[in-house]
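Novice: Take the sequence shown: its position 195, counted from the start at 1, is 324 in the numbering used here, and no numbers get skipped.
There's a structure below that I have some questions on.
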Amino acid sequence: MQRGDFVGGLMPLAFPQAGGGEEGGVPEYHAPSVEKDFMFTGGFIPGVDWVNKPFVQALLAFLIVLIVWLLASRKLKVVPSKAQYLAEYAYDFVRNGIARDALGHEFRGYLPLLMSLFFFLLISNVFGITFFLMYPTAASIGYAWGLAFLVWIVYNAAGIRKHGAMYFRNSLIPAGVPVWLMPIIIPIEFLSNFIIRPVTLGLRLFGNMFAGHVVVLVFTVGGGWLLLYGLHAANGFGVINNIAGGAALIFSMAIFSLELLIAGLQAYVFTVLAAQYVASATAEEH
């Protein structure tokens, strides 16, 4: 994929032709691509490819969550400081707004998991608009699949713990289904409860963070190129390129704000769905 594939359709004459290299000291524009912007090799440990940027970011997010909440739980006061108040507000948001609403009186057993999921995802997603990182960890699909698989294990284990082997029977055969419909209902329920849930959970997170990162790259990298080198582009589009580049960089500030909103929203949606799946697995009708 060459630079211009994403935006060349809008201004086909404003960019050098692919494969043209550099002309007059102007570097060729290369559009964001999976190979160059989403695939990472090692480098942190020589010869170990899996210790790459997403792995280091995931580890960093884990450490941030661990350290922040360890510090927040120390020296608590009746009259909270500003830092304690902020920590309590964040805690209450997940406790009351997600865990208790979804799980009822059984929420306390799952609160540590939901707290960890929400804040780990929030920090990992915000990395996508953080200078020197500029990459949301879940834009590498393996991390989205890993979190979805964790949720899959937890909600199935919760159902088995509460209902035993009856969990599988009641998950596949809803109450009141006539016998003649069972050959149709059982495959549908199996796909819904055991396959589609984790697949859509991971894909939703990955798709939103992947697409958001592409949009950020297009506006920042493309706008920067147009602003710095667009004046030298051929066919008389130099000034137009400069104006378009400046506008793209200004608009990228709005994109960063939107990505911050999406980062929080996706962390919230993922955690809410995890709580709902646990609630469904442990519901009395099972």
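Using N, Cα and C, we set each Cβ at its ideal position, and we do this for glycine too.
This structure is a prediction, so every number in the text was calculated from the model and none was measured.
1. How big is the Cα-Cα spacing for Glu76 and Gly288?
2. State yes or no: is the C-beta of Ala403 within less than 8 Å of the C-beta of Leu232?
3. Would DSSP call Ala143 helix, strand or coil?
4. Tell me whether His342 sits in a helix, a strand or coil according to DSSP, three-state version.
5. Could you say which of Met244, Val345, Gly374 lies nearest to Arg229 if we only look at CA atoms?
6. For the segment 270-282 against the segment 324-344, do three or more pairs of beta-carbon atoms, one drawn from each stretch, fall closer than 8 Å, so that the two count as touching?
7. Just checking, does the segment 391-400 make contact with the segment 245-254 on the three C-beta pairs under 8 Å criterion?
8. Where does Ala294 fall in DSSP's three states?
9. Below 8 Å on the Cβ atoms is my contact criterion, and I expect Asn370 with Gly352 to pass it. Report the Cβ-Cβ distance as a whole number of Å.
10. Rounded to whole angstroms, how far is the Cβ of Ile315 from the Cβ of Leu301, which I believe are closer than 8 Å?
11. Return the Cβ separation of Phe249 and Ala190 in integer angstroms, given the expectation that the two are a contact with Cβ distance under 8 Å.
12. For Asn285 and His234, I'd like the C-alpha separation in whole angstroms.
13. Quick one: residues in its chain with C-beta nearer than 7 Å to the C-beta of Lys182, no 5 flanking neighbours on either side, listed in chain order?
14. Less than 8 Å separating the beta-carbons of Tyr296 and Ala410?
15. For Thr349 versus Ser381, is the C-beta spacing smaller than 8 Å?
16. Return yes when the Cβ of Gly172 is within less than 8 Å of the Cβ of Trp179, no when it is not.
17. Given that a residue counts as buried once 16 or more other Cβ atoms are within 10 Å of its Cβ, and exposed if not, what is Val280?
18. Assuming Tyr218 is part of the alpha helix (DSSP H), what are its boundary residues?
19. For Asp178, which three-state DSSP category applies?
20. Kindly indicate the opening and closing residues of the alpha helix (DSSP H) around Ala396.
21. Let's test the definition: count the other Cβ atoms within 10 Å of the Cβ of Arg326 and tell me whether it reaches 16, buried, or not, exposed.
22. Below 8 Å on the Cβ atoms is my contact criterion, and I expect Thr400 with Ile227 to pass it. Report the Cβ-Cβ distance as a whole number of Å.
23. Taking the alpha-carbon positions, what's the Phe144 to Pro161 distance?
24. State the DSSP-derived secondary structure class of His159, mapped to helix, strand or coil.
25. Can you tell me the Cα-Cα spacing of Asn322 and Pro209, whole angstroms?
26. Going by alpha carbons, who is nearest to Tyr356 out of Ile379, Leu199, Tyr239, Gly341?
27. Identify the continuous alpha helix (DSSP H) that holds Asn322 and give its terminal residues.
Specialist: Straight from the coordinates:
1. There is simply no residue 76 to check, as the chain begins at 130 and stops at 415 in what is shown.
2. For the purposes of this step, residue 403 is identified with residue 274 of the sequence shown, where counting begins at 1. For the purposes of this step, residue 232 is identified with residue 103 of the sequence shown, where counting begins at 1. Remark: C-beta atoms of Ala403 and Leu232 do not approach each other more closely than 8 Å.
3. As a position in the sequence shown, residue 143 is number 14, starting the count at 1. Low confidence applies here, because Ala143 scores a pLDDT of 37, under 50, leaving its location unreliable and the question unanswered by this model.
4. By 1-based counting over the sequence shown, the position of residue 342 is 213. DSSP places His342 in helix when its eight states are reduced to three.
5. Residue numbering aside, residue 229 sits at position 100 when the sequence shown is read from its first letter. From the listed residues Met244, Val345, Gly374, the smallest Cα separation to Arg229 is found for Met244.
6. Look at the beta carbons and you see the segment 270-282 touching the segment 324-344: at least three pairs across the two are nearer than 8 Å.
7. Here the segment 391-400 makes contact with the segment 245-254; the two share three or more CB pairs at distances below 8 Å.
8. Here residue 294 refers to the residue found at position 165 of the sequence shown. Here Ala294 sits in coil by DSSP.
9. Against the sequence shown, residue 370 aligns to sequence position 241. Against the sequence shown, residue 352 aligns to sequence position 223. Going by Cβ atoms, the distance from Asn370 to Gly352 rounds to 10 Å, so no, they are not a contact pair.
10. Translated into the one-based positions of the sequence shown, residue 315 becomes position 186. Translated into the one-based positions of the sequence shown, residue 301 becomes position 172. Ile315 to Leu301, Cβ: 5 Å. Contact.
11. Here residue 249 corresponds to residue number 120 of the sequence shown, with the count starting at 1. Here residue 190 corresponds to residue number 61 of the sequence shown, with the count starting at 1. Between the beta-carbon of Phe249 and that of Ala190 there is about 5 Å, and that keeps the pair under the 8 Å contact cut.
12. Counting from one through the sequence shown, the residue named residue 285 turns up at place 156. Counting from one through the sequence shown, the residue named residue 234 turns up at place 105. Roughly 19 Å separates the two Cα atoms.
13. Counted from its first residue, the sequence shown places residue 182 at position 53. The residues are Phe169, Tyr264.
14. Along the sequence shown, one-based indexing puts residue 296 at 167. Along the sequence shown, one-based indexing puts residue 410 at 281. Yes.
15. Start at 1 with the first residue of the sequence shown, and residue 349 comes out as number 220. Start at 1 with the first residue of the sequence shown, and residue 381 comes out as number 252. Ser381 is positioned such that its CB atom lies closer than 8 Å to that of Thr349.
16. What you label residue 179 is simply residue 50 of the sequence shown in a count that begins at 1. What you label residue 172 is simply residue 43 of the sequence shown in a count that begins at 1. Contact: no.
17. In the sequence shown, the residue the question calls residue 280 occupies position 151. Per the 10 Å Cβ criterion, buried.
18. Locating residue 218 in the sequence shown gives position 89, counting from the first residue. Segment 211-223, the alpha helix (DSSP H) holding Tyr218.
19. Looking up residue 178 in the sequence shown gives position 49. Of the three classes helix, strand and coil, the one that applies to Asp178 here is coil, per DSSP.
20. Indexing the sequence shown from 1 puts residue 396 at position 267. Element bounds for Ala396: 367-411.
21. The residue labelled residue 326 in the question sits at position 197 within the sequence shown. Sixteen is the threshold: when 16 or more other Cβ atoms of the shown chains lie within 10 Å of the Cβ of Arg326, as they do, the residue is buried.
22. Here residue 400 is taken as the residue at index 271 of the sequence shown, counted from 1. Here residue 227 is taken as the residue at index 98 of the sequence shown, counted from 1. With a Cβ gap of about 6 Å, Thr400 and Ile227 count as contacting.
23. Here residue 144 corresponds to residue number 15 of the sequence shown, with the count starting at 1. Here residue 161 corresponds to residue number 32 of the sequence shown, with the count starting at 1. A caution first: Phe144 carries a pLDDT of 40, below 50, which makes its placement in the model too unreliable to give a value.
24. As a position in the sequence shown, residue 159 is number 30, starting the count at 1. In the structure shown, His159 sits in coil (DSSP, three-state: anything other than H, G, I, E or B).
25. Stepping through the sequence shown from its first residue, residue 322 is reached at position 193. Stepping through the sequence shown from its first residue, residue 209 is reached at position 80. Cα-Cα distance, rounded: 43 Å.
26. For this step, residue 356 is matched to residue 227 along the sequence shown. According to the sequence shown, residue 356 is Leu rather than Tyr. Nearest option by C-alpha distance: Ile379.
27. On the sequence shown, position 193 is the one that residue 322 refers to. For Asn322, no alpha helix (DSSP H) segment is defined, and its DSSP state is neither H nor E.
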